[in-house]
Amino acid sequence: DTAVSQTPKYLVTQMGNDKSIKCEQNLGHDTMYWYKQDSKKFLKIMFSYNNKELIINETVPNRFSPKSPDKAHLNLHINSLELGDSAVYFCASSQAGLIYNEQFFGPGTRLTVL
Amino acid sequence: AQSVTQLDSHVSVSEGTPVLLRCNYSSSYSPSLFWYVQHPNKGLQLLLKYTSAATLVKGINGFEAEFKKSETSFHLTKPSAHMSDAAEYFCVVSDRTGNNRKLIWGLGTSLAVNP
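Here the protein sequences come in this chain order: A and B.
For what it's worth, this note's numbering labels the leading residue of the first sequence as 0, then goes sequentially.
For what it's worth, this note's numbering labels the leading residue of the second sequence as 968, then goes sequentially.
Below, the structure written as structure tokens:
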């Protein structure tokens, strides 16, 4: 059973398009995250939701809009895609309230903008 | 604010020799520290974590790390490298922002294992 799953695994699209990436976790966690990993492997947190409420919103262009229909899902919608959006996007989940905040990651979605 | 510094961006070892990946952290309170591993074109997997219990932490695949408060270090070690250990390794500290927590990631150390 996959704990944190993302779809699609690969996404190739043209500049200016709008696309979505979906994430689901079956761990019963109440907190979910989106990260962006650039070509240099640097991981940057973008958003975090706790029980469908946005709790972390880093400096990310407002073309990126997360949506959490329930605590098991956190989707990422990107409008007007730009070349610089090309990266690997990781979804993660954790259980809030735990001191150590271990996060479980999905397999990633490799986005290529042409 | 918390921060983490991985002292080597790239480490190369021979198979069967010890591995040492260095990490220093900065924290205003007792931190939680982690090492994650990312194999090529794969997701991120937790190797081990320190949560203020034993200072020597054992993880998966024979890795361990020692929390040294006096040196603000959390170096990752393995006695004998295997080819399958070639991957990117991230040292991470848990940061507290009000009631919320987020992970602060190091820039990663790429480990190469030579036959």
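Virtual Cβ for every residue (Gly too), placed ideally from N, Cα, C.
Checking the DSSP bridge columns, you'll see Asp1062/B partnered with Lys1069/B.
With a cutoff of 8 Å on beta-carbon distance, Met31/A and Tyr9/A are scored as not near each other.
Sequence-distant Cβ neighbours of Val980/B in its own chain, meaning closer than 8 Å and more than five residues away, are Val986, Ala1048, Leu1078, Ala1079, Val1080 and Asn1081. Per DSSP, the continuous beta strand (DSSP E) segment holding Ala1032/B begins and ends at Glu1031 to Lys1035.
Rounded to whole angstroms, the separation of the alpha carbons of Leu1015/B and His72/A is 26 Å. By alpha-carbon distance to Leu1043/B, the top candidate from Tyr1003/B, Ser970/B, Pro998/B and Gln969/B is Tyr1003/B. Within chain A, the residues placing a beta-carbon under 8 Å from that of Phe1057/B are Leu42, ordered along the chain.
Residue contact with chain B for Pro7/A: absent (no Cβ-Cβ distance below 8 Å to any residue of chain B). Shown here, Ser85/A sits in coil according to DSSP, grouped into three states, outside any helix or strand.
Taking 8 Å as the threshold, the shortest C-beta distance from Trp1002/B to chain A does not fall below it.
By alpha-carbon distance to Glu982/B, the top candidate from Leu1074/B, Ser1051/B and Phe1057/B is Ser1051/B. Judged by their CB atoms, Ser79/A and Asp17/A are nearer to each other than the 8 Å cut-off. Look at Phe89/A: its C-beta is under 8 Å from a C-beta on chain B.
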